[in-house]
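A.B. asks:
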Amino acid sequence: MRRFFLIISVAMMAACGREVGVETSGLLRTVPSRSIEIMNFRNAGDALELLLDSTHVFRKLNLGRLAYREMVLSYDYSSSLVPLLAIDAGHAKRDTSKAVKYLLAQAKDLNLQTAYVVDSTEKRAAVLISPSSVSIAEALIHIDAGASILDAPDFDAATALALGSKGSIILRNSAANRWVPSKFMQDAVPHRSLVKFISGLCDWIIINFSDTNTRNLQISTVGDSDNKYLSIFSKLEGGKSSLKSILPDSTSFFIDLPLKDAEAFYDARCNWLDANSELRRHKKTCSDFKKASGSSPEEWLKQKRPQEVACIQWDGRSVIAVRCKKSPALRGISPNPIEGIPGILFGEVFSLPDESICSNLGKWLIIGSLDDVTAFCAKEKGTPPKGFAVRGLKFAVYHSGALLQSNKQGTKLNVYI
Numbered sequence: 002m003r004r005f006f007l008i009i010s011v012a013m014m015a016a017c018g019r020e021v022g023v024e025t026s027g028l029l030r031t032v033p034s035r036s037i038e039i040m041n042f043r044n045a046g047d048a049l050e051l052l053l054d055s056t057h058v059f060r061k062l063n064l065g066r067l068a069y070r071e072m073v074l075s076y077d078y079s080s081s082l083v084p085l086l087a088i089d090a091g092h093a094k095r096d097t098s099k100a101v102k103y104l105l106a107q108a109k110d111l112n113l114q115t116a117y118v119v120d121s122t123e124k125r126a127a128v129l130i131s132p133s134s135v136s137i138a139e140a141l142i143h144i145d146a147g148a149s150i151l152d153a154p155d156f157d158a159a160t161a162l163a164l165g166s167k168g169s170i171i172l173r174n175s176a177a178n179r180w181v182p183s184k185f186m187q188d189a190v191p192h193r194s195l196v197k198f199i200s201g202l203c204d205w206i207i208i209n210f211s212d213t214n215t216r217n218l219q220i221s222t223v224g225d226s227d228n229k230y231l232s233i234f235s236k237l238e239g240g241k242s243s244l245k246s247i248l249p250d251s252t253s254f255f256i257d258l259p260l261k262d263a264e265a266f267y268d269a270r271c272n273w274l275d276a277n278s279e280l281r282r283h284k285k286t287c288s289d290f291k292k293a294s295g296s297s298p299e300e301w302l303k304q305k306r307p308q309e310v311a312c313i314q315w316d317g318r319s320v321i322a323v324r325c326k327k328s329p330a331l332r333g334i335s336p337n338p339i340e341g342i343p344g345i346l347f348g349e350v351f352s353l354p355d356e357s358i359c360s361n362l363g364k365w366l367i368i369g370s371l372d373d374v375t376a377f378c379a380k381e382k383g384t385p386p387k388g389f390a391v392r393g394l395k396f397a398v399y400h401s402g403a404l405l406q407s408n409k410q411g412t413k414l415n416v417y418i
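Going by the working numbering, the sequence shown wraps up at 418, each residue one higher than the last.
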């Protein structure tokens with residue numbers, strides 16, 4: 002069972018960086034082209050301890066001197082997520098290297114399948130290990146054909162952003178339904194919605210490690226074409242966040258969207274909807290909403306120019322929070338005059354099953370059910386997550402100790418447990 006995985010989704014969202022990465026590893030030539038998770042680390046021993054829990058069969062291997070060699074752990078597209086471990090064996094020959102012999106013998110005792118391959122181009126050898134003979138056979142077929150993950154579309158761009166001094170993880174977003182655990186964030190976001198969102202986020206996510214003992218991770222992405230969600234943020238400037246002033250002390254989840262220019266965000270979102278053939282349906286939703294309520298979401302956006310919108314969850318409750326330049330003209334608990342509008346304009350994550358009630362909290366309009374709005378306004382406000390930015394923020398996502406936030410410098414994930 003994997004101990005370490007990043008969704009980012011959690012991850013859920015990330016912003017693009019464009020630095021020059023480390024030289025592409027020759028060990029990646031052993032990874033089949035349809036792999037969906039590729040974990041390339043400089044030190045095999047430390048990496049396996051980080052990536053896998055103590056019950057995983059690979060953790061039972063004593064790598065000896067090979068523990069200090071480079072490794073790639075990959076998972077293929079199958080529903081069972083079969084792992085393939087490749088460890089650099091240097092210039093060693095199987096019949097002369099004690100370390101290689103010892104590793105192969107251990108693998109056999111553990112009923113693992115193995116192969117010893119030599120890259121004539123790099124003049125280096127590698128040991129392949131997997132619980133599946135099919136996985137080993139597929140890897141060998143790819144190697145013999147000179148094919149590998151390096152041939153996957155835009156994977157070269159992903160490796161160029163693999164900047165971690167200790168190692169990197171590269172995730173194929175189109176296969177998010179395979180690598181996002183079914184119970185991940187289930188208390189905050191329905192699994193199907195989460196997978197759909199991550200799949201359309203970008204093409205590849207790259208997670209870089211500067212230290213295998215840290216949980217402060219730098220994230221980059223590849224693929225911000227118009228039909229990918231991250232295209233919305235590519236040309237937008239970050240805004241100022243005031244969310245930390247209203248977060249309950251028991252906050253378990255939030256998504257924060259500071260808006261330096263709300264109309265620019267909405268225009269960018271409409272371009273994304275258009276690229277995904279969904280703009281016509283969105284415009285019809287706006288039109289139907291105006292006919293039914295007499296209020297136009299788009300006119301409200303132009304008139305109020307919201308500066309921040311957020312979804313907050315705590316103690317099993319949820320509210321939407323909207324901050325405009327002027328304080329809401331409300332007194333206490335009131336019927337919600339903009340019911341449904343935040344979700345229409347900014348996305349379904351900013352919608353709730355019951356938005357019938359609202360109240361003001363300074364410049365914030367708090368939206369939700371009567372019980373949740375009342376509880377939120379009465380709840381003692383706590384300390385915001387460590388490292389939560391205030392200025393130049395494009396978005397932030399927080400869930401159970403993990404804070405993902407993006408600005409013009411890039412995207413950082415901090416995990417505090």
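Positions of the beta carbon are idealized from the N, C-alpha and C atoms, including for glycine.
Can you tell which of Pro84, His400, Arg30 and Leu74 has the C-alpha that lies nearest to the C-alpha of serine 253?
C.D. replies: His400
A.B. asks: With H, G and I counted as helix, E and B as strand and the rest as coil, what does DSSP make of glutamate 309?
C.D. replies: If DSSP states are grouped into helix, strand and coil, glutamate 309 belongs with the strands.
A.B. asks: Compute the Euclidean distance between the alpha carbons of proline 336 and alanine 330, then round it to the nearest angstrom.
C.D. replies: 12 Å
A.B. asks: Going by Cα to Cα distance, which pick from Phe255, Gly341 and Asp155 is closest to proline 354?
C.D. replies: A check of alpha carbon separations from proline 354 across Phe255, Gly341 and Asp155 identifies Gly341 as the nearest.
A.B. asks: Does the distance from the C-beta atom of lysine 409 to that of glycine 388 stay below 8 Å?
C.D. replies: No, these two residues do not count as a Cβ contact at 8 Å.
A.B. asks: Closest to valine 190 by CA distance: which of Lys167, Leu164, Ser235 and Ser352 is it?
C.D. replies: Ser352
A.B. asks: Starting from asparagine 397, trace the alpha helix (DSSP H) both ways and give me its first and last residue.
C.D. replies: Correcting the residue type first, residue 397 is alanine in the shown sequence and not asparagine. No alpha helix (DSSP H) contains alanine 397, which is instead part of the beta strand (DSSP E) from 396-400.
A.B. asks: Round the Cβ separation of leucine 86 and phenylalanine 59 to the nearest angstrom and send it over; I've been treating them as touching at under 8 Å.
C.D. replies: 6 Å
A.B. asks: Take the Cβ of serine 26 as the centre, count every other Cβ of all protein chains shown within 10 Å, and call the residue buried at 16 or more, exposed below.
C.D. replies: buried
A.B. asks: Can you give me the C-alpha to C-alpha distance between serine 194 and tryptophan 365, rounded to a whole angstrom?
C.D. replies: 27 Å
A.B. asks: Touch check for the segment 310-322 and the segment 270-281: three-plus C-beta pairs under 8 Å?
C.D. replies: no
A.B. asks: Any idea if asparagine 112 is buried or exposed, counting beta-carbon neighbours within 10 angstroms, 16 or more meaning buried?
C.D. replies: exposed
A.B. asks: Grab me the residues of phenylalanine 5's own chain with a C-beta within less than 7 Å of its C-beta, minus the 5 sequence neighbours each way, in chain order.
C.D. replies: Bear in mind that a pLDDT of 38 at phenylalanine 5, under 50, signals an unreliable position, so the number given afterwards is only what the model happens to contain. If we look at phenylalanine 5 and ignore the five residues flanking it on each side, its Cβ neighbours are Leu51 and Leu52.
A.B. asks: Can you check whether the C-beta of isoleucine 220 is within less than 8 Å of a C-beta belonging to chain B?
C.D. replies: The chain inventory of the structure shown lacks chain B, comprising one protein chain alone.
A.B. asks: Taking the straight line between their C-alpha atoms, what separation do you get for valine 391 and serine 294?
C.D. replies: 35 Å
A.B. asks: Per DSSP, asparagine 408 forms a beta bridge with which residues?
C.D. replies: Within the DSSP bridge table, the entry for asparagine 408 names Gly411 as partners.
A.B. asks: Apart from the five residues on each side of it in sequence, which residues of its chain come closer than 7 Å, Cβ to Cβ, to alanine 1?
C.D. replies: An answer regarding residue 1 cannot be provided, because it is not within the stretch 2 to 418 covered by the chain.
A.B. asks: Between the beta-carbon of isoleucine 37 and the beta-carbon of tryptophan 180, is there less than 8 Å?
C.D. replies: yes
A.B. asks: Taking the alpha carbon of threonine 160 as the reference point, which residue from Pro182, Ile208 and Glu71 has its own alpha carbon closest?
C.D. replies: A check of alpha carbon separations from threonine 160 across Pro182, Ile208 and Glu71 identifies Ile208 as the nearest.
A.B. asks: Output the distance between the C-alpha atoms of glycine 168 and cysteine 287, rounded to the nearest integer angstrom.
C.D. replies: 46 Å
A.B. asks: For the candidate residues Ser319, Ile137 and Cys203, whose alpha-carbon lies nearest to that of aspartate 225?
C.D. replies: Cys203
A.B. asks: Using the DSSP secondary-structure output, state which residues sit across from isoleucine 39 in a beta bridge.
C.D. replies: Ser75 and Ile171
A.B. asks: Looking only at its chain, what residues have a beta carbon closer than 8 Å to the beta carbon of glutamate 24, apart from the 5 residues adjacent to it on each side?
C.D. replies: With a pLDDT of only 46 at glutamate 24, under the threshold of 50, the placement of this residue in the model should not be trusted; the figure read from the coordinates follows. Cβ neighbours of glutamate 24 beyond the five flanking positions: none.
A.B. asks: Please list the segments of the alpha helix (DSSP H) lying wholly inside the segment 295-355, counting only runs of 4 or more residues, in order along the chain.
C.D. replies: Annotation: the segment 295-355 contains the following complete segments of the alpha helix (DSSP H) (minimum length 4 residues), in chain order: 298-305 and 342-347.
A.B. asks: From the DSSP secondary-structure annotation, give me the bridge partner or partners of cysteine 359.
C.D. replies: Ser335 and Ile368
A.B. asks: Using the Cβ count rule (16 or more neighbours within 10 Å means buried), how would you classify leucine 129?
C.D. replies: Answer is buried; the Cβ neighbour count reaches 16.
A.B. asks: Around the C-beta of isoleucine 368, are 16 or more other C-beta atoms found within 10 angstroms, so that it is buried, or is it exposed?
C.D. replies: Flag for isoleucine 368 reads buried.
A.B. asks: Contact check, histidine 192 vs serine 200 under 8 Å by CB: the rounded distance?
C.D. replies: Not a contact, Cβ separation roughly 12 Å.
A.B. asks: Which runs of the alpha helix (DSSP H) at least 4 residues long sit entirely within the segment 145-189? Give them in chain order.
C.D. replies: 156-161 and 177-180
A.B. asks: Starting from leucine 49, trace the beta strand (DSSP E) in both directions and tell me its first and last residue.
C.D. replies: Counting along the chain, no beta strand (DSSP E) covers leucine 49; the unbroken alpha helix (DSSP H) around it starts and ends at 45-52.
A.B. asks: Buried or exposed: which applies to cysteine 17, given that a residue is buried once 16 or more other Cβ atoms fall within 10 Å of its Cβ?
C.D. replies: Confidence is the limiting factor: at cysteine 17 the pLDDT is only 35, short of 50, which leaves the residue's position unreliable and the question unanswerable from this model.
A.B. asks: What is the rounded straight-line gap between the Cα of tryptophan 301 and the Cα of serine 133?
C.D. replies: 58 Å
A.B. asks: Quick check on this structure: which residue in Leu258, Glu238, Phe234 and Lys241 has the alpha carbon closest to the alpha carbon of glycine 344?
C.D. replies: Leu258
A.B. asks: Do valine 118 and threonine 56 come within 8 Å of each other at the CB atom, strictly closer than that value?
C.D. replies: no
A.B. asks: Quick one: is glutamine 187 buried, meaning 16 or more other Cβ sit within 10 Å of its Cβ, or exposed?
C.D. replies: exposed
A.B. asks: May I ask you to list the residues that DSSP assigns as paired with proline 249?
C.D. replies: Proline 249 is bridged to Lys382.
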